[in-house]
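With my numbering, letter number 332 in the sequence shown gets 345, and the count goes up by one each step, no holes. The C-beta atom is built at its ideal place from N, Cα and C for all residues, glycine as well. One structure below.
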Amino acid sequence: MHDDSSFLPLDGFTDAAAPAPQGSDWQTEALFELVPAGAATAPLDIGDPIVQEIVSSLRQADPQGERFAAVFRATFDQLYDGQHTGRYCWDQLYKTEKTHFGTLIEINLRRAFGDVLRDGELLDYKINGYDVDCKFSQRSGGWMLPPEALGHVILACTASDQAGTWSVGVVRARPEICRLSVNRDGKTALSPKGIAEIAWLHKDAELPPNVLLKVDPAVVARIFSLPTGQQRVNELFRRVTNHRIGRNTVATVAEQDDYMKRVRANGGARSTLQAEGILIAGGDYVAHRAVAHELGAPVPQPGEFVSIRVVPAESGDPGPIAEIEGSLWRCASPGESATAAAPTIPASRRVSVETSVDDDVIRLL
C-alpha cells in the first residue's frame, strides 16, 4: 500500500475485508476464455460471488481495456523517463528500477480507476468494500503473495513492452491453490491450479505501441546517432513511416523540454519533411485522422503521429486515394521516389471526444 494525497476518499464503502466463502464444496471454475488482444470476454460461471462482483465492477469501468492499457503504457514510459535519459526498453533499466514497476502500477491504477478503486486498509485497494491486493509480475504466475493476502482477492497484472502485451485478472488466493513453499519473506505464489482459476479481464491484450521496439535496430541506432534533437526527430519521421508514433517516443528521441516543437511546421519535422514528400498526420485533429484513413495508413490516436510518404495520384490509380487541398494523393510504393512536395493537411478542429473510423468516414460520436 502507498499513501498518496491525490487518492479519493472512502465515502460509501465499508471497512470489512473479504474472507473466502466457507464450505468444502466451494470451488472456483475456469473463469474467462482467452480472446483476441484487447477484446472483452463473456463471463462464465464464477463460483465466488465476491470475485464475480469485483470482475463485474472492473469490466463496467473499462469494458475494452483502454484504461488499463493506457496505465501500463504510461508506467513503462514513466520508468524509462526517455525525455531525460533516451531510454526506451526494459533491458535499459537498472534492476532496482524494474523492481519499482509493481509499486508504480499499483499507484497509477489507483489514480486512473478512482471511480472503482479506493484505498485499502489491510491490502492495496478496496473494490465495493472488499480488500484487494494488486500484484505485478513480468511473467504469468510470478506474483509473490504475502501472508496477509491469503484468502483475499488478488488483482494479478502482467505486461511486456517487448511483446507489446498486457494482462489483468482476478483470483482469490485460497491457501489450497497456493504453493506450499515460501521465500525468506514468507511469501508464496499461486500453484498451477491457482493460475488456472484466474478470471482474466483481458489476456495478452495489445499494449499501446512503443515504436522504437518495432523497427529495425539499425534504424533506431541511426536515429540516435544524430547530434541534435531536431535532426533525430526528423530522422524518426523520415525512417519510421506508417507507424503510430506517440509523444513519449518523440520526447525520447528529442531529449528536450520543447520536444513537440520539433514535430510542428515552421522549422520542425512537418515542414522539413514536406519537401521530401512526407506528411505527418496528428491524431489530435479530425482532418489528419481522416486523411490517414483515406490513404490506407494507420490512423493516429490522440497524442500520436503517423508519417506517410505520398505521391500525386491519378483517378485510375489502384489503392486508396485521398483528396488533399484539391489534389489527389496516394501512398508511395516501396522504393518510389517523391515527385512533389507533400500537401498540407488542413488544421481542422481538435479531437475533443472519442472518435471512430466507420465506413470510410471519420465521425464524432
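The beta carbon of residue 162 sits closer than 7 angstroms to the beta carbons of 136, 146 and 186 from its chain, once the five residues preceding and following it are set aside; these are given in chain order. In the structure shown, residue 212 adopts extended strand secondary structure according to DSSP, grouped into three states.
No Cβ-Cβ contact shorter than 7 angstroms links residue 156 with residue 172.
Residue 118 and residue 88 do touch by the CB rule: their CB atoms are close to 5 angstroms apart, below 8 angstroms. It is roughly 20 angstroms from the alpha-carbon of residue 263 to the alpha-carbon of residue 290. When beta bridges are read from the DSSP output, residue 201 appears opposite 158. By the 16-neighbour rule on beta-carbons within 10 angstroms, residue 104 is exposed. Under DSSP, residue 178 shares a beta bridge with 173 and 219. When C-beta atoms of the region 345-364 are compared with those of the region 303-322, three or more pairs fall below 8 angstroms, so the two segments count as touching. In the assembly as shown, residue 332 is an exposed residue. Its beta-carbon has fewer than 16 other beta-carbons within 10 Å. Pairwise C-beta distances place the region 202-217 out of contact with the region 245-257, as fewer than three of them are shorter than 8 angstroms.
For the pair residue 122 and residue 270, the Cα-to-Cα distance works out to about 27 angstroms. When secondary structure is reduced to three states using DSSP, residue 126 falls in the coil class, being assigned neither helix nor strand. Look at residue 93 here: in three-state DSSP terms it is helix.
Within its own chain, the residues whose Cβ lies closer than 7 angstroms to the Cβ of residue 285, once the five positions on either side in sequence are excluded, are 247, listed in chain order. Counting along the chain, residue 264 sits inside the alpha helix (DSSP H) bounded by residues 260-267.
In this structure, the CA atom of residue 159 is about 8 angstroms from the CA atom of residue 198. Per DSSP, the beta bridge partners of residue 335 are 342.
The shortest C-alpha to C-alpha distance from residue 183 to any of 350, 69 and 311 is the one to 69. When DSSP states are grouped into helix, strand and coil, residue 190 belongs to the helix group. Residue 325: not part of any alpha helix (DSSP H); member of the beta strand (DSSP E) spanning 317-325, first to last residue. With contacts defined by Cβ atoms closer than 7 angstroms, residue 224 and residue 256 form a contacting pair. In terms of Cβ geometry, residue 342 and residue 335 form a close pair [threshold 7 angstroms]. In this structure, the CA atom of residue 94 is about 16 angstroms from the CA atom of residue 226. DSSP places residue 70 within a helical segment (H, G or I) once states are collapsed to three.
In the displayed model, residue 140 falls within a strand according to three-state DSSP.
When rounded, the separation of the alpha-carbon atoms in residue 102 and residue 90 is 9 angstroms. With distances taken between CA atoms, residue 326 lies nearest to 340 out of 126, 317, 189 and 340. Only buried fits residue 180, as 16 or more other CB atoms lie within 10 angstroms of its CB. Approximately 6 angstroms separates the beta-carbon atoms of residue 296 and residue 316; this is inside 8 angstroms, confirming the contact. When the beta-carbon positions are compared, residue 283 and residue 293 come within less than 7 angstroms of each other. Just so you know, the alpha carbons of residue 142 and residue 84 end up roughly 23 angstroms apart.
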